[in-house]
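Engineer: Read top to bottom, the protein sequences are chains W and D. Each residue of the first sequence is one higher than the one before, starting from 23 at the first, in the numbering used here. Each residue of the second sequence is one higher than the one before, starting from 23 at the first, in the numbering used here. The beta-carbon is built from N, C-alpha and C at its ideal position, and this holds for glycine as well. None of these values were measured; they are calculated from a predicted model.
Protein chains: 2
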Amino acid sequence: MSMEHKPQRGFIIPIGGREEKEVNPRVLERFVELSGGKDAVISIIPTASNLEDTGDRYVEIFARLGVTKIYNNNIVNRQDANNEIFVKQLTESTGIFMTGGNQLLLSTVLGGTTVARMIRKRNAEGVPVAGTSAGAAFIPEHMIASGDSGLIPRVGGVTIAPGLGLTNKVMIDQHFSQRNRLGRLLTALSYNPYKTGIGVDEDTAAIIGPDGDIEAVGSGALTIVDMSKVEYSSVASTAPGDAISLVGVKIHTLLDGDRYDPKMHEVIHKKQSV
Amino acid sequence: MSMEHKPQRGFIIPIGGREEKEVNPRVLERFVELSGGKDAVISIIPTASNLEDTGDRYVEIFARLGVTKIYNNNIVNRQDANNEIFVKQLTESTGIFMTGGNQLLLSTVLGGTTVARMIRKRNAEGVPVAGTSAGAAFIPEHMIASGDSGLIPRVGGVTIAPGLGLTNKVMIDQHFSQRNRLGRLLTALSYNPYKTGIGVDEDTAAIIGPDGDIEAVGSGALTIVDMSKVEYSSVASTAPGDAISLVGVKIHTLLDGDRYDPKMHEVIHKKQSV
Chain W
23 MSMEHKPQRG FIIPIGGREE KEVNPRVLER FVELSGGKDA VISIIPTASN LEDTGDRYVE
83 IFARLGVTKI YNNNIVNRQD ANNEIFVKQL TESTGIFMTG GNQLLLSTVL GGTTVARMIR
143 KRNAEGVPVA GTSAGAAFIP EHMIASGDSG LIPRVGGVTI APGLGLTNKV MIDQHFSQRN
203 RLGRLLTALS YNPYKTGIGV DEDTAAIIGP DGDIEAVGSG ALTIVDMSKV EYSSVASTAP
263 GDAISLVGVK IHTLLDGDRY DPKMHEVIHK KQSV
Chain D
23 MSMEHKPQRG FIIPIGGREE KEVNPRVLER FVELSGGKDA VISIIPTASN LEDTGDRYVE
83 IFARLGVTKI YNNNIVNRQD ANNEIFVKQL TESTGIFMTG GNQLLLSTVL GGTTVARMIR
143 KRNAEGVPVA GTSAGAAFIP EHMIASGDSG LIPRVGGVTI APGLGLTNKV MIDQHFSQRN
203 RLGRLLTALS YNPYKTGIGV DEDTAAIIGP DGDIEAVGSG ALTIVDMSKV EYSSVASTAP
263 GDAISLVGVK IHTLLDGDRY DPKMHEVIHK KQSV
């Protein structure tokens with residue numbers, strides 16, 4: 023009788039969009055490093071983008087970062103998303119990267135297909151999966167599909183839809199401080215206050231480790247929204263368009279190198295003052 | 023070295039609301055039977071309801087059906103939902119029943135609390151969990167929180183929020199034909215077409231077995247929406263309020279005793295014509 027070895031799951035890497043690609047591309051460098059460095063095999067999924075050259079552009083970017091084997095999985099419809107060529111390329115990859123665009127193109131084209139199942143399987147087997155902008159939005163089980171700008175949570179201020187489902191423990195929003203999105207992330211969290219919210223700034227990544235810890239990497243900030251002490255949410259009794267009352271939300275701002283442990287609800291600063 | 027015995031998970035029983043309680047209460051009778059019949063210990067969770075006597079009313083109903091041990095878990099706020107008395111009562115129960123009202127009261131009061139975790143744990147251990155109306159809505163990972171009436175799917179026609187999470191394989195809607203809700207269920211499924219939709223009529227239950235099979239019980243119909251052959255969803259490119267184009271949706275109407283196998287996408291009629 024043999025015991026199956028259960029592999030450690032792969033990193034999950036939502037990026038807030040507009041990551042630096044040339045001068046100091048530390049976010050993309052970190053993704054390549056986690057994917058195996060010079061031995062990495064990277065699969066790009068440009069499905070969110072309406073531009074034809076998005077995949078090719080990232081092929082060039084990753085080549086410049088020293089990656090020698092790069093697949094551009096140019097999946098544009100549901101038939102493509104069940105094509106064995108793309109599935110095989112994902113099977114060989116040690117890192118998967120979803121570009122920006124519109125997250126609803128990712129969910130409507132990939133949802134329920136062999137490619138979506140293979141991305142989940144590869145991540146469960148230890149392969150890092152990153153996504154920038156729309157690619158970041160698509161990562162969790164509960165995806166923010168669209169919403170309004172602003173600071174205050176409001177009923178109707180956000181549209182939630184099923185995402186890829188790599189984790190159901192967090193809600194993710196991107197271009198976070200640049201597009202003033204705290205209100206819509208709070209609205210998304212107000213319905214069922216058990217998740218951790220992660221607001222990811224541009225040129226910044228939330229590196230979610232196999233243990234669930236979240237590390238900030240990049241030139242911007244991560245805004246962590248801790249709902250574990252919420253005493254009250256008024257969303258059940260609030261009319262459409264009205265502000266939602268939330269009591270007990272905790273917020274942390276993390277900068278490059280800082281970490282957050284969502285199980286203990288603790289921030290670990292890069293430079294601890296001991 | 024010992025091998026853990028993994029228990030068979032419990033039935034999941036969304037009920038479409040307004041289930042018959044006196045003359046021919048076959049839906050509630052079936053829930054009691056699955057919960058152990060005369061040996062059943064039933065926990066009622068009346069959190070969705072704004073009426074003070076909803077829990078007591080169901081205590082009377084289940085007593086009339088022959089249940090001798092019934093707990094009314096009168097949880098009205100998040101502090102209650104972490105109260106050890108209610109957690110202990112759930113631990114002793116062989117069936118859990120969530121009443122109607124407003125599903126957002128269930129999600130905002132129970133989300134992230136010990137009671138929510140205990141309901142998931144008991145169901146994983148084999149205990150049936152039923153919910154009627156709002157209680158049915160709250161059951162899945164992706165909950166329909168609110169929406170418009172009508173036949174045609176429209177962008178913005180539904181609000182989705184994180185639910186209790188007993189299953190992520192289905193989307194559930196209730197009072198289904200009575201409130202003309204096919205359009206909003208299709209909208210909910212259009213974002214990421216991998217789930218099975220279940221529209222549950224009043225006085226009707228979808229009995230979801232440990233293997234995922236769905237059986238219809240009651241005086242109305244189940245409308246099963248099979249998205250497995252969907253070729254296209256336009257939701258990514260459709261403006262708010264506009265109709266969504268969906269290509270390849272399959273729909274089945276199930277009556278009392280009929281079953282649906284979501285893995286094989288097959289209907290098994292009660293009376294097979296062989």
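Do the CB positions of W:Asp208 and W:Pro162 come within less than 8 Å of each other?
Structural biologist: Contrary to the premise, residue 208 of chain W reads as Leu rather than Asp in this sequence. No, they are not a contact pair.
Engineer: What's the call for W:Met286, buried or exposed, on a 16-neighbour Cβ count within 10 Å?
Structural biologist: So W:Met286 ends up on the exposed side.
Engineer: Could one say the Cβ of W:Arg100 lies closer than 8 Å to chain D's Cβ atoms, at least one of them?
Structural biologist: Yes, contact with chain D.
Engineer: With D:Met120 as the anchor, note down where its beta strand (DSSP E) starts and where it stops.
Structural biologist: 117-120 is the span of the beta strand (DSSP E), which, as asked, contains D:Met120.
Engineer: Check whether the segment 246-258 of chain W and the segment 123-131 of chain D are in contact - that is, three or more C-beta pairs closer than 8 Å.
Structural biologist: Touching, yes.
Engineer: On the three-pair Cβ rule with 8 Å, is the segment 152-161 of chain D touching the segment 182-197 of chain D?
Structural biologist: Output reads yes: the segment 182-197 of chain D touches the segment 152-161 of chain D.
Engineer: At 3 residues or longer, and completely inside the segment 148-194 of chain W: list those beta strand (DSSP E) runs for me, N to C.
Structural biologist: Within the segment 148-194 of chain W, the complete beta strand (DSSP E) runs of at least 3 residues are 151-154, 164-169, 180-184.
Engineer: Return the CA-CA distance between W:Gly279 and D:Ser250, expressed in angstroms with no decimal places.
Structural biologist: When rounded, the distance between both Cα atoms is 43 Å.
Engineer: Using a Cβ-Cβ distance under 8 Å, would W:Ala227 count as near chain D?
Structural biologist: No, W:Ala227 lies away from the interface with chain D (no Cβ there is under 8 Å from its Cβ).
Engineer: Looking at the unbroken alpha helix (DSSP H) that takes in W:Tyr282, where does it start and where does it end?
Structural biologist: Premise fails: W:Tyr282 lies in the beta strand (DSSP E), 281-283, not in any alpha helix (DSSP H).
Engineer: Near W:Glu147, what residues of its chain come up, given a Cβ to Cβ distance below 6 Å and the 5 sequence neighbours on each side ignored?
Structural biologist: The answer, listed in chain order, is Pro29.
Engineer: On the premise that W:Pro36 lies in contact with W:Val222, defined as a C-beta separation below 8 Å, what is that separation, rounded to the nearest angstrom?
Structural biologist: Confirmed, Cβ separation roughly 6 Å.
Engineer: Answer with buried or exposed for W:His5, where buried requires no fewer than 16 other C-beta atoms within 10 angstroms of its C-beta.
Structural biologist: Only positions 23 to 296 of chain W appear in the structure, and residue 5 of chain W is not among them; the question remains open.
Engineer: Beta carbon of W:Ile66, beta carbon of W:Phe33: below 8 Å?
Structural biologist: Their beta carbons are not under 8 Å apart, which means W:Ile66 does not touch W:Phe33 by this criterion.
Engineer: Kindly list, in the order they appear in chain D, the residues whose Cβ is closer than 9 Å to that of W:His164.
Structural biologist: Here the neighbours are Glu163, His164, Ile182, Ala183, Pro184.
Engineer: W:Arg31 and W:Pro232 look like a contact to me (Cβ under 8 Å); what is the Cβ gap, rounded to whole Å?
Structural biologist: That pair is a contact at about 5 Å.
Engineer: Tell me whether D:Val109 sits in a helix, a strand or coil according to DSSP, three-state version.
Structural biologist: D:Val109 falls in the helix class under three-state DSSP.
Engineer: Since D:Ser65 is in the alpha helix (DSSP H), which residue starts that stretch and which ends it?
Structural biologist: D:Ser65 -> not in any alpha helix (DSSP H); beta strand (DSSP E) instead, spanning 63-67.
Engineer: Which residues, taken in chain order from the segment 258-272 of chain W, show a beta carbon closer than 7 Å to some beta carbon of chain D?
Structural biologist: Those would be Ala258, in chain order.
Engineer: With a CB to CB cut of under 7 Å and the five nearest residues on each side skipped, what residues in its chain are close to W:Pro262?
Structural biologist: Only Val177, Gly178 meet the Cβ criterion.
Engineer: Please return the same chain residues whose Cβ sits closer than 8 Å to the Cβ of W:Leu300, not counting the five positions on each side in sequence.
Structural biologist: Within the shown structure, residues of chain W are numbered from 23 to 296, placing residue 300 of chain W beyond reach of any answer.
Engineer: Given that a residue counts as buried once 16 or more other Cβ atoms are within 10 Å of its Cβ, and exposed if not, what is D:Lys217?
Structural biologist: Burial call: buried.
Engineer: Using three-state DSSP, classify W:Gly32 as helix, strand or coil.
Structural biologist: DSSP places W:Gly32 in coil when its eight states are reduced to three.
Engineer: Just checking my contact of D:Thr116 with D:Ser57 at CB under 8 Å: how many whole Å lie between their CB atoms?
Structural biologist: The Cβ separation is near 5 Å, so the contact holds.
Engineer: Name, please, each residue of chain W whose Cβ falls closer than 8 Å to the Cβ of D:Ala167.
Structural biologist: The answer, in chain order, is Tyr213.
Engineer: If you compare alpha carbons, which of W:Ala138, W:Ile246, W:Ser71, W:Arg79 is closest to W:Arg100?
Structural biologist: Residue W:Ala138 is the option with its Cα nearest to W:Arg100.
Engineer: Expressed to the nearest angstrom, what Euclidean distance is found between the alpha-carbon atoms of W:Ala85 and W:Ile229?
Structural biologist: Near 22 Å, if we compare the C-alpha coordinates of W:Ile229 and W:Ala85.
Engineer: If the cut is a Cβ gap below 9 Å, which residues of chain D does W:Tyr134 touch?
Structural biologist: According to the sequence displayed, residue 134 of chain W carries Gly and not Tyr. By Cβ distance, chain D contributes Asn214, Pro215, Tyr216, Lys217, Met249, Ser250, Val252.
Engineer: Kindly list, in the order they appear in chain W, the residues whose Cβ is closer than 9 Å to that of D:Leu127.
Structural biologist: The answer, in chain order, is Ala258, Ser259.
Engineer: Could you please give the first and the last residue of the uninterrupted alpha helix (DSSP H) stretch that includes W:Ala210?
Structural biologist: First-last of the alpha helix (DSSP H) with W:Ala210: 204-212.
Engineer: Could you give the distance in angstroms between the alpha-carbon of W:Gly187 and the alpha-carbon of D:Gly39?
Structural biologist: Cα to Cα, W:Gly187 sits roughly 30 Å from D:Gly39.
Engineer: Is it buried or exposed, D:Arg142, if we count other Cβ atoms within 10 angstroms and call 16 or more buried?
Structural biologist: The residue in question, D:Arg142, is exposed, as its Cβ has fewer than 16 Cβ neighbours within 10 Å.
Engineer: Compute the Euclidean distance between the alpha carbons of W:Gly219 and W:Tyr213, then round it to the nearest angstrom.
Structural biologist: So the alpha carbons of these two residues sit roughly 13 Å apart.
Engineer: Residues of chain D with CB under 7 Å from W:Ser121, in chain order?
Structural biologist: Strictly speaking, residue 121 of chain W in this sequence is Thr, with Ser absent from that position. Simply none; closest approach about 15 Å.
Engineer: Considering only residues of the segment 234-260 of chain W, which uninterrupted beta strand (DSSP E) runs meet the minimum length of 3 residues and lie entirely inside it, listed in chain order?
Structural biologist: The qualifying runs are 236-240, 244-248.
Engineer: Give a yes or no on whether the minimum CB-CB distance between W:Val296 and chain D is below 8 Å.
Structural biologist: With a pLDDT of only 43 at W:Val296, under the threshold of 50, the placement of this residue in the model should not be trusted, and no figure is reported.
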